[in-house]
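*Asks:* Would you mind keeping the following structure in view while I ask a few things?
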Amino acid sequence: MSRTRKILTPLAMTVAAGTLAATGAVPAVAAVPAPAGAAPAASVVGCASLTSNANGRAQVKNICAKTINATVSVDWAWDPGCKSIGAGRSVTFSWDSTYGRAEYAYEC
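Residues in the sequence shown are numbered from 5 upward in steps of one, following the working numbering.
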């Protein structure tokens, strides 16, 4: 079953991305699940890198040589407001801890 899951998950994501592209809604990032037993890597979308993550608090680092605006994705309905982050600098985002942890950081 695990072999089937490893094959079907990327296929399902490809089909979903194709469907979104056909409707004109292209996702900013397509998350691929890590293999079982693998440690999750830092989540990066563009120049925004999620470097610290806890319930209600996350730190985002700008890994590029330009100033960016970024935030974190907490859930499908709500994300903290965008903040300006200078080149090589980090910013901390806070929210109600009942919303859980950030999923990834992204530019906005």
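We put the CB at the ideal spot given by N, CA and C, even for glycine.
If you're wondering where the values come from, they're calculated on a predicted model, not measured in any experiment.
Which of helix, strand or coil does DSSP assign to T96?
*Replies:* T96: strand per DSSP, three-state reduction.
*Asks:* Where do the N-terminal and C-terminal ends of the beta strand (DSSP E) with T55 fall, by residue?
*Replies:* 52-58
*Asks:* Is it buried or exposed for K65, if we count other Cβ within 10 angstroms and need 16 for buried?
*Replies:* Buried is the call here.
*Asks:* What's the call for N57, buried or exposed, on a 16-neighbour Cβ count within 10 Å?
*Replies:* buried
*Asks:* Whole angstroms are fine: how far does the CA of C51 sit from the CA of T71?
*Replies:* 9 Å
*Asks:* Between the C-alpha atoms of N73 and C86, what's the straight-line distance to the nearest angstrom?
*Replies:* 6 Å
*Asks:* Judging by CA-CA distance, which residue of G90, S53, G92, D79 is the nearest neighbour of D100?
*Replies:* Nearest C-alpha to D100: D79.
*Asks:* Nearest CA to the CA of S98: which residue from T55, G60, L54?
*Replies:* G60
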